[in-house]
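What follows is a single structure, written as structure tokens, with notes after it.
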Amino acid sequence: MGKLKVEIIQDKCVGAGQCVFAAPDVFDQREEDGIVVLLDEDPDISKAPEIRKAAKLCPAMAILVEES
Amino acid sequence: MTTTPGRIAIVGASAAGFAVANELRDQGYDGTISLIGAEALPPYDRPPLSKRKAIDIDDIALADLGKLEALDLNLCLGQRAVGLDTIDKIVRMADGRAVRWDACVIATGADPIRIPGVDSVLRTMADAHVIQSRLDRAGSVAIIGAGVLGCELASLTVSMNCAVTVIDGLPGPMQNRLGTSVSDRLRRHHEEAGVMFRLGQTVSDVAGNPDQGYRIGLSDGGTVQADAVIAAVGCRPATGWLKDSDVPVNNGVVCDENCRAMPGVFAAGDVANWFNPRFGRHMRVEHRMNATEQGMAVANQLLARGQPFDPIPFFWTDQGDLKLQVHGLVGPDMEIVRLDGESDDKRFVLAYLREGLIEGVLGWNMAQMLRKARPLIGRPRAAIADWAK
Ligand SMILES: Cc1cc2nc3c(=O)[nH]c(=O)nc-3n(C[C@H](O)[C@H](O)[C@H](O)COP(=O)(O)OP(=O)(O)OC[C@H]3O[C@@H](n4cnc5c(N)ncnc54)[C@H](O)[C@@H]3O)c2cc1C
Ligand code: SF4
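Here the protein sequences line up with chains A and B, keeping their order. Under this note's numbering, the first residue of the first sequence carries the number 1, and numbering increases by one thereafter. Under this note's numbering, the first residue of the second sequence carries the number 1001, and numbering increases by one thereafter.
Below you can see the structure in the form of structure tokens.
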């Protein structure tokens, strides 16, 4: 069974919130400036599709996903 | 059963074109993908170009070289397409070669509009390098155009300690998009940072050069002197290369709700003028998010598992410490209702309504709350009261 590792790059994030629409259990935004926060660093592999979608949609390429 | 095309040619190797190629491989497509781009650089992201100085290509590449290689593309960079033949199904290249296709995606984006006498625009990494080298020696800069790009450049150059003057024919920055009240607020934001405006003025002539500086004549007879001048007056869809083809062009490549211009030919990104069924009209969206989403949508169309493309458009702009974001459609002729915010106007969320229907929401330094307001889009005014609870 594979594992998922998710990493966010807050310096690149533009606060678009697309990741939260795609995977609300994994990503949120800081209230003050909308920058991404990671709710779950090694989420369940079942969430892979929505997390990969978030990474693809992120307009700032601020989300890295590794499946091992 | 529809079969998937064996050879796909994508013209334009930027956000939209790359998204098509990436999504095709992600969905398991194993045919030939040609990705053709006029720029010599591998696909990169444009929004940082107007927001940061001294940008390194590695920081903004859409994919690192390893990932690009893994996509197994016939990558034709630094090569311009000059024609599209939809009968013989070939893309004609500037060097005389022909790239054959079974399906073609037009993703050539948009070209900046130029002003006579002004040699600086900002669309590409190469443009950014030229501007950077000029700003390094400039004490003052004039920016023609107070749209999104002009406003971002104002914030960037003012942070570099330049004296900045922004010139626009409209009465306020981004006025034709945001409406008068938000435009007034935006003007205050920039003036507090030290930006000067010459508004309601069109440029009559520009004289000068990078060594001696520029003199910009305005319609009221006044002038602006500056060491550097940048034109940021918008873009036109890059369709010149299609002029001898039978692809329908009218303010971009005209497509149906499936982003299809004609059998086997699709368009995505800034160049596509497609029918958005959500809003019941054709639209061309010059925003970063749309390029990715539409590119992904087209990839799925190519694999015959696509659906009508009906996104809620989204854009953001960072201007100094201001983060302005918009979901949906906003316009100067729309009614504005305040949804949330602080009394000093440092942060707020607004709804934009047309004929009693919420078509867009805008957040001013309030990204998280804005996200929560997005579901209001498409709802009637009465939905606001429930949302506020
Ligand atoms: C400085 C700047 C800042 C921006 N900031 C924001 C922002 O903050 N928020 C936001 O939402 N959007 C922003 N945008 C807009 C966003 O970058 C665009 O919407 C996006 O780049 C569109 O992608 P695209 O692939 O459709 O077109 P483009 O990025 O324009 O790419 C088209 C590519 O096609 C190539 N091409 C054109 N003609 C040919 C031809 N005949 N043959 C071969 N290749 C060709 C071009 O060289 C280019 O590389 C910004 C744009 C710029 C320039
Ligand atoms: S989608 Fe990307 S830019 Fe937007 S909030 Fe998430 S990480 Fe940040």
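Idealized CB from N, CA, C, for every residue including glycine.
Let me check you understand the geometry: is the CB of residue i closer than 6 Å to at least one non-hydrogen atom of ligand 1?
i, result
"Glu1023/B", "no"
"Ile1106/B", "no"
"Trp1364/B", "no"
"Trp1101/B", "no"
"Ser1014/B", "yes"
"Arg1288/B", "yes"
"Asp1270/B", "yes"
What does a CB cutoff of less than 8 Å around residue i pick up in its chain, not counting 5 residues either side in sequence?
i, result
"Val1349/B", "Arg1338, Leu1339, Asp1340, Gly1341, Val1361, Leu1362, Gly1363, Trp1364, Met1366, Met1369, Leu1370, Ala1373"
"Asp1256/B", "Trp1274, Phe1275"
"Ile1384/B", "Val1337, Leu1339, Ala1351, Ile1358, Leu1376"
Hey, out of the options, whose CA is closest to residue i's CA?
i, options, result
"Leu1075/B", "Asp1211/B, Gly1012/B, Gly1194/B", "Gly1012/B"
"Val1121/B", "Gln1132/B, Tyr1044/B, Ala1232/B", "Ala1232/B"
"Ile1143/B", "Phe1309/B, Val1206/B, Pro1047/B", "Val1206/B"
"Ala1351/B", "Asp1344/B, Met1283/B, Glu1359/B", "Glu1359/B"
"Arg1354/B", "Asp1345/B, Arg1347/B, Ser1343/B, Arg1381/B", "Arg1381/B"
"Val1203/B", "Phe1266/B, Gln1225/B, Ala1193/B", "Gln1225/B"
"Gly1222/B", "Lys1243/B, Arg1236/B, Gly1208/B, Arg1198/B", "Arg1198/B"
"Arg1007/B", "Gly1028/B, Cys1104/B, Ala1019/B", "Cys1104/B"
"Ser1133/B", "Lys1053/B, Glu1192/B, Ile1377/B, Thr1165/B", "Lys1053/B"
"Met1196/B", "Gly1234/B, Gly1083/B, Pro1173/B, Trp1101/B", "Pro1173/B"
"Met1125/B", "Ala1040/B, Asp1184/B, Asp1119/B, Leu1153/B", "Ala1040/B"
"Gly17/A", "Lys5/A, Leu38/A, Gly2/A", "Leu38/A"
So residue i is in the alpha helix (DSSP H); what residue range does that whole segment cover?
i, result
"Cys58/A", "Careful: Cys58/A lies outside any alpha helix (DSSP H) and carries neither H nor E."
"Gly1017/B", "1015-1026"
"Asp1059/B", "1057-1060"
"Gly1006/B", "Run containing Gly1006/B: none; DSSP gives neither H nor E here."
"Asn1209/B", "That residue, Asn1209/B, is in no alpha helix (DSSP H); its beta strand (DSSP E) goes 1203-1209."
"Val1105/B", "No alpha helix (DSSP H) contains Val1105/B, which is instead part of the beta strand (DSSP E) from 1103-1106."
Our contact map puts residue i next to residue j with C-beta atoms below 8 Å; I'd like the distance itself, whole angstroms only.
i, j, result
"Lys47/A", "Asp28/A", "Not a contact, Cβ separation roughly 14 Å."
"Gln1301/B", "Cys1259/B", "6 Å"
"Gln1294/B", "Ala1272/B", "6 Å"
"Ile1230/B", "Val1141/B", "7 Å"
"Lys1346/B", "Gly15/A", "Not confirmed; about 16 Å, so no contact."
Take residue i and list the residues in its own chain whose beta-carbon comes closer than 7 Å to its own, dropping the five residues that flank it on each side.
i, result
"Val1442/B", "Residue 1442/B cannot be examined here, being either before or after the span of chain B that is shown, 1001 to 1389."
"Ala1021/B", "Ile1010, Ile1033, Leu1035, Leu1071, Leu1073"
"Leu1135/B", "Val1141, Thr1157, Met1160, Cys1162, Ala1228"
"Val20/A", "Phe27, Asp28, Gln29"
"Asp1244/B", "Gly1083"
Leaving out the 5 sequence neighbours to the left and right, which residues in its chain are closer than 6 Å to residue i when beta-carbon positions are compared?
i, result
"Ala55/A", "Ile63, Val65"
Is there at least one non-hydrogen atom of ligand 2 closer than 6 Å to the beta-carbon of residue i?
i, result
"Gly1295/B", "no"
"Val1091/B", "no"
Tell me the residue span of the beta strand (DSSP E) that contains residue i.
i, result
"Arg1080/B", "It is not in any beta strand (DSSP E) - Arg1080/B carries neither H nor E in the DSSP assignment."
"Cys1255/B", "1253-1255"
"Ser1034/B", "1032-1037"
"Cys13/A", "Per DSSP, Cys13/A belongs to no beta strand (DSSP E) and is neither H nor E."
"Gln1325/B", "1322-1328"
"Ile1131/B", "No beta strand (DSSP E) contains Ile1131/B, which is instead part of the alpha helix (DSSP H) from 1125-1135."
Check each residue of the segment 1314-1339 of chain B: if its Cβ is closer than 8 Å to any Cβ of chain D, include it; give the result in chain order.
Note that chain D does not occur in the displayed structure, where the protein chains are A and B.
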